[in-house]
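Read the structure below first, then the notes.
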Amino acid sequence: MPKSLEITAIFGGIGGLELGLHRSGHRTSLFCECDPEATTVLQHQFAGVPIVSDIKQTDEVLAKISPTSNLLTAGFPCTDLSQAGQTRGFAGGRSSLIRETIELLRRRPFPNVLIENVPNWRHLHKGEYMAEVLSALEGLGYRWAYRTIDALAFGLPQRRNRIFVFATLEGDPRRVLFHGNHAPVEGEKSLTESAHGFYWTEGTRGLGWGEDCIPTMKGGSAMGIPSPPAILLPDLSVITPSANDAERLQGFPDGWTDFEGVVDENGRVFNKRRRWMLIGNAVNVAVSTWLGEQLATQRPYEGEPGTPLVEGKSWPAAAWFDGKVRYEVPIGAWPVNEDRQPLARFLNHSGTPLSLRATAGFYKRICESTLRFKPGFKEAIAAHLKRMEAFTIIATPKAPKKPAVESVEMA
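So the sequence shown is residues 14 to 424, counted in this note's numbering.
See below:
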């Protein structure tokens, strides 16, 4: 019989991890989230579930945790680990909050723990921050497994790799993360055969190029501004997707974060400009739904244990700890291979044409870059730039001529 778990959600965000788990039969009894807009989303989308705001207030959090809660989730902030951030690691003030979660586990053990973060977590500073968290879990008696998982495998046209760690006091952690191993579906199409996603904020050293998909949505760029990826459509127009389509690309229902004008209990009006940040930072719901199914069924894992990890070696894409030994496991990022709708047809809402300023800056960077681009890409961007220049000239009204002023000779 499927197992239903009761969730305590630390760093709840807009509930991407928990929504998928709910769809698989689990339920949340407590959220911890400090962001005002994210809290508004949680209050409306998970009505009745208590929310505490500060993970650092350990006593307050402990007092609110249900005695029957048996799964702690923690999609902790990626700000200081992400390549889009400042990569300060746990020296930063945001990503280091995972240490508060470890302290919580010391004082109130959970049978099951599910942690999520960006792939750079296992690379940054030679993997020391990954080692810190996994070693802390081992010290608390947990066996763990982690795997890099790509949302593209679940039928959504977004390439999005994330690391998921499952730790348990109750058995083999591989039974949740290691089922299914499919080869990624690859294939090139011309610019007019399918849509192509890219980062318009880049172009010098990278592009984030996506064939019939967008690159990973981010909460913001290295410049700290909301930066939805651009999409070159088959008609060679260049747009950025709407926030509602961004929600759908993350597996949320259309309008999940659309609370424009809503006033919270502190009198703060929901800032719609922050929707992109909320969506870009969320856990993909298609992935979390699959995780919820694995948590519910927990089928025995019968694969090989893998190869013992060599101390000092880089963290691999997947690994596990059996209580004594850490193993590297040769398993890919696609646990499933679901049919994917073409990106151009997936979009339900009109996007926004990439602005003149954004296009001009991007075009300048790609012209100066030594990167190799798909045939016709530079020309398509140049054509879009010309269209935006023409549109700007047409849309900008000419200032009326000032009437001539006669000089009056004073007596």
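Where is the CB? At the ideal position from N, CA and C, for every residue including glycine.
A quick note: this is a predicted structure, and the numbers were derived from the prediction, not measured.
Coarse secondary structure for residue i, derived from DSSP in three states
i	result
GLU19	strand
PRO366	strand
PRO476	In the structure as shown, the chain begins at 14 and stops at 424. Residue 476 is therefore absent and cannot be evaluated.
ILE344	coil
GLY33	helix
ASP72	helix
ARG172	coil
HIS226	For the record, residue 226 in the displayed sequence is Cys; it is not His. It is coil, neither helix nor strand.
ASN380	Looking at the sequence shown, residue 380 is not Asn but Cys. Reduced to three states, the DSSP call for CYS380 is helix.
THR181	strand
ILE406	helix
ASN133	helix
HIS209	strand
ARG385	coil
VAL189	helix
TYR155	coil
SER82	coil
LEU55	helix
Contact belief for residue i with residue j at Cβ below 8 Å, rounded distance in angstroms
i	j	result
ALA309	GLY38	5 Å
GLU31	PHE167	The pair is not a contact, with the Cβ atoms about 17 Å apart (cut-off 8 Å).
PHE334	GLU151	6 Å
PHE283	PHE272	4 Å
PHE211	PRO170	PHE211 to PRO170, Cβ: 13 Å. No contact.
SER42	VAL62	7 Å
Residue i classed as buried or exposed, judged by whether at least 16 other C-beta atoms fall within 10 angstroms
i	result
GLU206	exposed
VAL54	buried
GLY216	buried
ILE176	buried
GLU141	exposed
PHE404	exposed
ASN133	buried
GLU278	exposed
ASN297	buried
CA nearest to the CA of residue i, picked from the options
i	options	result
ASN294	PHE24, GLU145 and ILE64	PHE24
LEU291	ALA256, GLU306, TRP328 and TRP303	ALA256
LEU190	TRP213, GLY200, ILE162 and ALA208	ILE162
LEU182	GLU113, ARG121 and ALA371	ARG121
ILE227	GLY219, ARG218 and LEU245	LEU245
LEU137	ALA299, TRP328, LEU384 and THR383	TRP328
ILE313	ASN125, ASP185 and GLU46	Inspection of the sequence shows that residue 313 is occupied by Pro rather than by Ile. The shortest Cα separation from PRO313 among ASN125, ASP185 and GLU46 belongs to ASP185.
GLY325	ARG370, MET143, ALA51 and CYS45	MET143
Q | In chain order, each beta strand (DSSP E) run of at least 3 residues that lies wholly inside the stretch 248–318 | A | Runs found: 251–253.
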